[in-house]
Amino acid sequence: MEQRQIGNTDLVVSALGFGTWEMGSTYGEIDVKEASHAVNSAIDHGITLFDTAEVYGPYISEEILAKALGPKRKDIVLVTKVGFQYSKEGKNTGRNSKYDHIIEHANGCLSRLNTDFLDLLLIHWPDHDTPFEESIGALEQLKKDGKIRHYGVSNFTPAMMEECEKHGHIAANQVGYHMFDRRMESEVLPYCKENNIGFMAYGTLGFGLLSGAFTKETSFIESDWRSSGFAFRLPLFQPEEFEKEINVTERLKLIAKKYNKSLPQMAIAWTLGHPAVSVGLVGVRNENELKENVAAVDWQINSEIRSEIDQVFEEEGVPTHINTDQAV
Numbered sequence: 040m041e042q043r044q045i046g047n048t049d050l051v052v053s054a055l056g057f058g059t060w061e062m063g064s065t066y067g068e069i070d071v072k073e074a075s076h077a078v079n080s081a082i083d084h085g086i087t088l089f090d091t092a093e094v095y096g097p098y099i100s101e102e103i104l105a106k107a108l109g110p111k112r113k114d115i116v117l118v119t120k121v122g123f124q125y126s127k128e129g130k131n132t133g134r135n136s137k138y139d140h141i142i143e144h145a146n147g148c149l150s151r152l153n154t155d156f157l158d159l160l161l162i163h164w165p166d167h168d169t170p171f172e173e174s175i176g177a178l179e180q181l182k183k184d185g186k187i188r189h190y191g192v193s194n195f196t197p198a199m200m201e202e203c204e205k206h207g208h209i210a211a212n213q214v215g216y217h218m219f220d221r222r223m224e225s226e227v228l229p230y231c232k233e234n235n236i237g238f239m240a241y242g243t244l245g246f247g248l249l250s251g252a253f254t255k256e257t258s259f260i261e262s263d264w265r266s267s268g269f270a271f272r273l274p275l276f277q278p279e280e281f282e283k284e285i286n287v288t289e290r291l292k293l294i295a296k297k298y299n300k301s302l303p304q305m306a307i308a309w310t311l312g313h314p315a316v317s318v319g320l321v322g323v324r325n326e327n328e329l330k331e332n333v334a335a336v337d338w339q340i341n342s343e344i345r346s347e348i349d350q351v352f353e354e355e356g357v358p359t360h361i362n363t364d365q366a367v
């Protein structure tokens with residue numbers, strides 16, 4: 040497995056990271072035994088970075104991951120995220136990145152993940168009611184206390200990262216990036232590359248759009264977040280858009296087939312091919328998916344293939360949203 044450095048830190052990880060959003064059940068039912076097997080298989084196949092967040096569930100994903108890792112925790116780079124507050128019933132009631140809240144919830148993550156320290160702790164979304172100086176101050180304290188090795192952000196704009204950098208160095212920014220959502224190419228990716236900030240790409244498979252499994256008849260159960268029709272403010276799962284996107288994916292499958300690859304493999308290789316990307320995150324449900332995804336890492340997509348891909352989007356009238364404002 041190809042290894043990549045996250046920013047200018049000492050974190051050197053597999054180019055492909057294991058995302059655990061699916062374990063938090065917002066994608067529908069989750070088989071705990073199957074998830075645990077997938078985690079251990081991922082380690083066997085060379086994946087060394089595992090990404091989770093307290094909001095996945097909430098708490099469920101962290102707890103499942105901790106049980107699955109067991110003593111193998113020492114062999115991997117563990118990433119989680121904080122920055123939300125919850126009701127007694129566990130409902131997400133909004134963003135909160137105040138000093139005391141970050142300290143308290145980071146300690147909760149440590150407990151649930153059954154670890155003495157986190158390799159990387161991220162603020163999940165910008166909290167517009169809390170000065171970044173206060174939030175970074177909490178992260179600096181956690182680092183000083185030995186509870187985290189590095190810290191960073193998620194879904195932050197360049198202006199936000201620049202403000203954070205006045206108070207401490209952020210190691211990474213985790214943001215959505217895939218063929219159907221290229222908003223980050225205009226500003227965020229260049230900023231991260233120029234300032235030695237690792238770029239962690241989530242949604243590498245377009246939240247299923249690039250998995251090759253969807254058809255025009257695909258629908259989502261109510262507990263699946265995609266049933267809203269939107270993916271981070273983009274109407275990717277609205278009926279009219281979805282139908283056009285399936286036209287795109289059917290044609291992309293044919294391009295991938297020319298190179299003896301699958302659509303998911305092409306999607307992963309496409310994201311990893313950007314020079315600023317440190318790691319691409321994918322969710323994995325079973326052994327076959329895992330093997331397929333891992334095999335994509337060594338494929339270098341050249342400019343000719345990228346042009347073929349772009350031509351499909353253009354001919355089908357499907358936007359890549361490169362000029363759409365980043366949603367925060």
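Numbered according to the working numbering, the sequence shown spans residues 40 to 367.
We put the CB at the ideal spot given by N, CA and C, even for glycine.
Quick caveat, the model's predicted, so the values are computed rather than measured.
* To do: Below 6 Å CB to CB, which residues in the same chain sit around I340 once its five sequence neighbours on both sides are set aside?
  => A308, W309, G312
* Asked: Under the three-state reduction of DSSP, which class applies to Q213: helix, strand or coil?
  -> strand
* CA-to-CA distance, W264 to F246, given in whole angstroms -> 10 Å
* Cross-strand partners of Y95 (DSSP beta bridge) -> Note: Y95 sits in no beta bridge, so no partner.
* Compare the C-alpha of I187 against each of Y241, I236, V118 and name the closest. => V118
* Taking only the alpha-carbon atoms, compute the straight-line gap between L228 and V316 and give it to the nearest angstrom. => 8 Å
* With a 10 Å radius around its C-beta and 16 neighbouring C-beta atoms as the bar for buried, classify T318 as buried or exposed. => Here the sequence assigns Val to residue 318, which means Thr is not the residue at that position. When all chains shown are included, V318 counts as buried.
* Asked: From the DSSP output, which residues share a beta bridge with H189?
  -> L159
* What is the DSSP secondary structure of A295, counted as helix, strand or coil? -> helix
* Asked: Does the Cβ of L441 have 16 or more other Cβ atoms within 10 Å, making it buried, or fewer, making it exposed?
  -> The shown model of the chain, from 40 to 367, leaves out residue 441, and the question about it has no answer.
* Can you tell which of F276, V192, V321, E73 has the C-alpha that lies nearest to the C-alpha of T243? -> V321
* Please determine, among F219, A74, G85, the residue with the shortest C-alpha to C-alpha distance to A334. => G85
* Asked: Excluding five sequence neighbours on each side, which residues of the same chain lie with their C-beta closer than 8 Å to the C-beta of L178?
  -> I141, L160, I162, I187, Y190, G207
* With 16 as the cutoff for other CB atoms within 10 Å, does S174 come out buried or exposed? -> buried
* Identity of the residues DSSP links to Q42 by a beta bridge -> S53
* To do: Quick one: grab the DSSP three-state call for S136.
  => coil
* **Any 3 or more C-beta pairs closer than 8 Å across the region 54–65 and the region 87–100** => yes
* Between the region 132–140 and the region 99–114, are three or more C-beta pairs nearer than 8 Å? -> no
* Buried or exposed: where does K120 fall if 16 or more other Cβ atoms within 10 Å of its Cβ makes it buried? -> buried
* To do: Return the Cβ separation of K255 and I285 in integer angstroms, given the expectation that the two are a contact with Cβ distance under 8 Å.
  => 5 Å
* Asked: Applying the criterion that 16 or more other CB atoms from any shown protein chain within 10 Å of the CB defines a buried residue, is D70 buried or exposed?
  -> exposed
* To do: Could you tell me whether the Cβ atoms of D220 and L302 are closer together than 8 Å?
  => no
* To do: Following the continuous alpha helix (DSSP H) through T119, name the residue where it begins and the one where it ends.
  => It is not in any alpha helix (DSSP H) - T119 instead sits in the beta strand (DSSP E) that spans 116–121.
* I115 to K232, Cα distance in whole Å? -> 24 Å
* Taking all protein chains shown into account, do 16 or more other C-beta atoms lie within 10 angstroms of the C-beta of N299, making it buried, or fewer, making it exposed? -> exposed
* beta strand (DSSP E) containing M218: first to last residue? -> Here M218 belongs to no beta strand (DSSP E), and DSSP marks it neither H nor E.
* Asked: Leaving out the 5 sequence neighbours to the left and right, which residues in its chain are closer than 8 Å to F156 when beta-carbon positions are compared?
  -> L149, G185, K186, I187, R188
* Asked: Beta-carbon separation of A240 and G46 under 8 Å?
  -> no
* Is G30 near T196, with beta carbons less than 8 Å apart? -> The structure shown does not extend to residue 30, since the chain is modelled only from 40 to 367, so the question has no answer here.
* Identity of the residues DSSP links to D166 by a beta bridge -> Beta-bridge pairing links D166 to no other residue.
* Straight-line Cα distance separating I236 from R290 -> 35 Å
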